[in-house]
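Enquirer: Here's a structure for you.
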Amino acid sequence: MKIVAVLYPGGERATNNPDLLGCAENALGLKDFLEKSGHELVVLTDQEYELDKHLPTADVVITTPFWPAYITKERLTKAQKLRLILTAGVGSDHIDLASAAAHDITVAEITGSNVVSVAEQVVMHILALVRNYIPAYKQVLDGKWDIAEIAANAHDLEGKTVGVIGTGRIGQRVCTRLKGFDINLLYYNNFRLSTVEEFVLGIRYTPLEELIEKSDIITINTPLTPETDGMFNRDLLFRMKKGAYLVNTARGKIIDTKALVEALEKGHLAGYAGDVWFPEPAPRNHPWRNMPNHGMVHHYSGTTLEAQKRYADGIKNCLVKFLNGHAIERDYLIVDNGKVVSPSYSYAFKK
Ligand code: NAD
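Going by the working numbering, the letters in the sequence shown line up with residues 1217 to 1567, in that order.
If you want it as structure tokens, here you go:
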């Protein structure tokens, strides 16, 4: 079979660093295994032209949210032989899931592989914003020593109200990690957790609008679906408390790009941070690169070295099963038998 993998370029960092499994050079550690078992592995970094060249003859495509190949409806129409699309990571919104279902192509991702990695990053972004870390660090680099300038916007996290939107694998881990800061934790999810789960996590269910209006800090941890696409529009952003912070490691498209810039420029929001953009890689003139009070980084929270090992192992596990005619682990399935089956996505697709 022909397996096409689209992965981020590793360049010289990949040389002598076999642990950088997520890059094209190290190809998730799949080269030997696939070649020895008589399959063809084509590894690309080009998400457009080269992908389009190989798609019509590919049986399996492997993509990653960190360097997304946008597998659109048009592309799927040309992929006559394609049976399986695997996401090396979590979040398969770069694939047109409804079209994959219509073409009876299975889509799977490595559920849970990087959820700890992202939850840690969320806590980091929250602390960096609330404690005014980035301007302070920048002052040090610039040779300045103006404590008042930094202290005027530095706060303790203790006592603040944090709203967690989406309390699945990542959201729950964010709550667990934040609990020790003695904060007031609210959550909104498209279904309410059990009383025991709420008690253990120390969180209180709050309808979305109330959470938006009450939170000093909001963290978004939902998948990108037709329902969450553009969910943080201008109205919702300006309903947030004046001076609140927003952290988004879920997907860039959940937020209205221009409205966010406006909310920061007008000082309605005190800060925004995260690692997800639309499109990715973010073009040089992406407005979020230069908006005020941001702590944006590249999309890397879910591709730490530990996470790469976990999702590379998961991809191998899926391939072994698929190539031997066995079913892929149920928790990994996003689209199967012509339907969007993942509980995270299916609710939005049924509507
Ligand atoms: P998950 O499926 O375990 O949890 C998602 C939660 O969101 C679920 O509880 C679901 O019920 C809830 N949800 C879905 N639609 C909602 C809506 N409209 N309103 C409120 N809640 C809604 O997924 P997860 O493992 O926690 O990952 C969540 C998302 O985080 C992924 O889909 C992906 O987009 C993103 N992610 C980002 C990175 C990164 O590197 N930045 C890495 C992994 C995942």
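No residue lacks a Cβ here, since even glycine has one placed at the ideal position from N, Cα and C.
(1) Just tell me which of N1348, C1391, G1384 has its CA closest to the CA of A1370.
(2) Just checking my contact of K1482 with G1446 at CB under 8 Å: how many whole Å lie between their CB atoms?
(3) With DSSP run on the structure shown, which of helix, strand or coil describes L1409?
(4) May I ask you to report which of helix, strand or coil DSSP gives H1515?
(5) Does DSSP put N1400 in a helix, a strand or coil?
(6) With hydrogens ignored, establish whether the beta-carbon of H1310 is closer than 7 Å to any heavy atom of the ligand NAD.
(7) To which residues does DSSP link A1274 through a beta bridge?
(8) Identify the residues that DSSP records as bridge partners of H1209: which are they?
(9) Do you know how far the Cα of L1300 is from the Cα of V1227?
(10) Give me the Cβ distance between G1379 and I1434, rounded to the nearest whole Å; I'm assuming they're in contact under 8 Å.
(11) So, is the C-beta of H1502 closer than 8 Å to a C-beta in chain C?
(12) Measuring from the CB of L1440, is there a heavy atom of the ligand NAD at a distance below 7 Å?
(13) Taking C-alpha atoms, which residue in V1338, K1247, Y1548 lies nearest to G1387?
(14) Using only alpha-carbon positions, find the residue among V1323, T1280, W1493 that is nearest to R1546.
(15) Output the distance between the C-alpha atoms of G1254 and G1541, rounded to the nearest integer angstrom.
(16) Give the secondary structure of T1279 by DSSP, where H, G and I count as helix, E and B as strand, and everything else as coil.
(17) CB I1366 to CB T1438, shorter than 8 Å?
(18) On the DSSP letters alone, give me the boundaries of the alpha helix (DSSP H) that Y1449 sits inside.
(19) Check whether the Cβ of G1227 sits closer than 7 Å to any heavy atom of the ligand NAD, and report yes or no.
(20) Determine, using beta carbons only, whether A1304 and I1326 come nearer to each other than 8 Å.
(21) Return the Cβ separation of L1237 and L1244 in integer angstroms, given the expectation that the two are a contact with Cβ distance under 8 Å.
(22) Considering only residues of the same chain and omitting the five flanking positions on each side of T1519, which have a CB-CB separation below 6 Å?
(23) So, are the CB atoms of L1401 and L1394 less than 8 Å apart?
(24) How about N1464 and I1428: are their beta carbons less than 8 Å apart?
(25) Could you give the first and the last residue of the continuous beta strand (DSSP E) run that contains T1322?
(26) So what does N1464 bridge to, in DSSP terms?
(27) My guess is that L1223 and T1280 are in contact by the Cβ rule of under 8 Å, so how many angstroms apart are they, rounded?
(28) Indicate, with yes or no, if the ligand NAD has a heavy atom lying under 7 Å from the CB of T1383.
(29) Below 6 Å CB to CB, which residues in the same chain sit around C1534 once its five sequence neighbours on both sides are set aside?
(30) Would the beta-carbon of D1491 be found less than 7 Å away from any heavy atom of the ligand NAD?
(31) Cβ of A1479 within 8 Å of Cβ of L1521?
(32) Under the DSSP definition of a beta bridge, which residues are partnered with L1549?
(33) Going by the CB atoms, is the gap between L1267 and L1260 shorter than 8 Å?
(34) Looking only at C-alpha atoms, which of L1462, W1493, K1457 sits nearest to T1473?
Expert: Checking against the coordinates, here is how it stands:
(1) Here residue 1370 refers to the residue found at position 154 when the sequence shown is read from its first residue. Nearest option by C-alpha distance: N1348.
(2) If you number the sequence shown from 1, residue 1482 lands on position 266. If you number the sequence shown from 1, residue 1446 lands on position 230. No, K1482 and G1446 are not in contact; Cβ-Cβ is about 20 Å, not under 8 Å.
(3) In the sequence shown, residue 1409 corresponds to position 193, counting from 1. L1409 falls in the coil class under three-state DSSP.
(4) For the purposes of this step, residue 1515 is taken as the residue at position 299 of the sequence shown. The three-state reading of DSSP puts H1515 in coil, since its state is none of H, G, I, E or B.
(5) Position 184 of the sequence shown holds residue 1400. Look at N1400 here: in three-state DSSP terms it is strand.
(6) Here residue 1310 corresponds to residue number 94 of the sequence shown, with the count starting at 1. The answer is no for H1310.
(7) As a working mapping, residue 1274 is identified with position 58 in the sequence shown. A1274 is not bridged to any residue.
(8) Because the chain is modelled from 1217 through 1567, residue 1209 falls outside the range shown and cannot be assessed.
(9) Locating residue 1227 in the sequence shown gives position 11, counting from the first residue. Locating residue 1300 in the sequence shown gives position 84, counting from the first residue. The question names Val, but residue 1227 in the sequence shown is Gly. Each residue's alpha carbon lies about 28 Å from the other.
(10) Position 163 of the sequence shown, counted from the first residue, corresponds to residue 1379. Position 218 of the sequence shown, counted from the first residue, corresponds to residue 1434. Rounded to whole angstroms, the Cβ separation of G1379 and I1434 is 4 Å, and the two are in contact under 8 Å.
(11) In the displayed structure, chain C is absent; only one protein chain is listed.
(12) If you number the sequence shown from 1, residue 1440 lands on position 224. Of the heavy atoms belonging to the ligand NAD, at least one sits nearer than 7 Å to the Cβ of L1440.
(13) Translated into positions along the sequence shown, residue 1387 becomes position 171. For G1387, the nearest C-alpha among the options comes from V1338.
(14) Start at 1 with the first residue of the sequence shown, and residue 1546 comes out as number 330. Minimum Cα distance to R1546 is reached at V1323.
(15) Position 38 of the sequence shown holds residue 1254. Position 325 of the sequence shown holds residue 1541. Rounded to whole angstroms, G1254 to G1541 spans 16 Å at the Cα level.
(16) Here the question's residue 1279 lines up with position 63 in the sequence shown. In the structure shown, T1279 sits in a strand (DSSP, three-state: E or B).
(17) Translated into positions along the sequence shown, residue 1366 becomes position 150. Translated into positions along the sequence shown, residue 1438 becomes position 222. Contact: no.
(18) The residue labelled residue 1449 in the question sits at position 233 within the sequence shown. The question names Tyr, but residue 1449 in the sequence shown is Asn. Looking at the DSSP string, N1449 is not in any alpha helix (DSSP H), and its letter there is neither H nor E.
(19) Indexing the sequence shown from 1 puts residue 1227 at position 11. No.
(20) For the purposes of this step, residue 1304 is identified with residue 88 of the sequence shown, where counting begins at 1. For the purposes of this step, residue 1326 is identified with residue 110 of the sequence shown, where counting begins at 1. A contact, by the Cβ cut-off of 8 Å.
(21) Start at 1 with the first residue of the sequence shown, and residue 1237 comes out as number 21. Start at 1 with the first residue of the sequence shown, and residue 1244 comes out as number 28. Contact between L1237 and L1244 holds: their C-beta atoms lie close to 5 Å from each other, under 8 Å.
(22) Numbered from its first residue, the sequence shown carries residue 1519 at position 303. So the qualifying residues of the chain are G1238, F1282.
(23) Position 185 of the sequence shown, counted from the start, is the residue given in the question as residue 1401. Position 178 of the sequence shown, counted from the start, is the residue given in the question as residue 1394. It is a contact, given that the beta carbons lie within the stated cut-off.
(24) The residue given as residue 1464 occupies position 248 in the sequence shown. The residue given as residue 1428 occupies position 212 in the sequence shown. For the pair N1464 and I1428, the CB atoms are not nearer than the 8 Å cut-off.
(25) As a first step, residue 1322 is located in the sequence shown; it is residue number 106 there, counting from the start. Element bounds for T1322: 1322-1325.
(26) What you label residue 1464 is simply residue 248 of the sequence shown in a count that begins at 1. According to DSSP, residue pairing for N1464 in a beta bridge involves I1436, G1490.
(27) Numbered from its first residue, the sequence shown carries residue 1223 at position 7. Numbered from its first residue, the sequence shown carries residue 1280 at position 64. L1223 to T1280, Cβ: 6 Å. Contact.
(28) Sequence index remark: in the sequence shown, residue 1383 carries index 167 (1-based). If you check the C-beta of T1383 against the ligand NAD, you find a heavy atom less than 7 Å away.
(29) In the sequence shown, counting from the first residue as 1, residue 1534 sits at position 318. Within the same chain, C1534 has close Cβ partners L1302, A1324, I1544.
(30) By one-based count along the sequence shown, residue 1491 stands at place 275. Yes.
(31) To locate residue 1479, count along the sequence shown from 1; it is residue 263. To locate residue 1521, count along the sequence shown from 1; it is residue 305. Not a contact, by the Cβ cut-off of 8 Å.
(32) Within the sequence shown, residue 1549 is the residue found at index 333, counting from 1. Beta-bridge pairing by DSSP links L1549 to A1324.
(33) What you label residue 1260 is simply residue 44 of the sequence shown in a count that begins at 1. What you label residue 1267 is simply residue 51 of the sequence shown in a count that begins at 1. With contacts defined as CB atoms closer than 8 Å, L1260 and L1267 qualify as a contacting pair.
(34) Indexing the sequence shown from 1 puts residue 1473 at position 257. Ranking L1462, W1493, K1457 by Cα distance to T1473 puts W1493 first.
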